[in-house]
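Report on the structure given below.
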């Protein structure tokens, strides 16, 4: 069963985020708190949304996503931040059901893109994504600014007199 996440799911979502970070060989990178997730998912201006996969009433997986926007199509899309199914529940169709529910959201809302990233070494996931018809975006490289580099670039706006945007 797939359902929208509720506030009561935040602790299990956070636990699964830690499980996912361990699987992706970066357990120290998962630093989100329950308070942060609660605010992001259920605050007055949600920044993200989540679906839960359940088996026999127990959460076995989740998908956390947010809307993006394409200037080329002029429409929103879905960016899947995290998809995770606990190891003992894999192979039962939960991952595919979560992706299908998000695809349905896209179609129902007129979104033209459903995108996500996968680590190059994660062959089981890559094979799964290809099996449902997803195509890798060859020729594109993900870039990220964090930490001191992010702050250093932000500091250049102060030098040039610009002020932070309102989001």
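Residue numbers (UniProt numbering): 1 to 167.
Glycine included, C-beta positions come from ideal geometry on N, C-alpha and C.
Everything numeric in this text was worked out from a predicted model, so none of it was measured.
query                                                                       : result
For residue 63, the nearest candidate out of 141, 10 and 136 (CA to CA)     : 10
Pair within 8 Å by beta-carbon distance, residue 109 and residue 70         : no
Beta-bridge pairing of residue 178 - partner residues as DSSP gives them    : No answer is possible for residue 178: it lies beyond the span of the chain, which begins at 1 and ends at 167.
One or two residues paired with residue 52 in a DSSP bridge                 : 3 and 62
Separation of residue 118 from residue 136, as counted between CA atoms     : 9 Å
Residue(s) in a DSSP beta bridge with residue 70                            : 75
Beta-bridge partners of residue 85, as assigned by DSSP                     : 61
Assigned exposure category for residue 1 - 16 Cβ within 10 Å defines buried : exposed
Residue range of the alpha helix (DSSP H) that includes residue 128         : 123-131
For residue 145, three-class secondary structure by DSSP                    : coil
Buried versus exposed, by CB contacts within 10 Å (16 or more), residue 17  : buried
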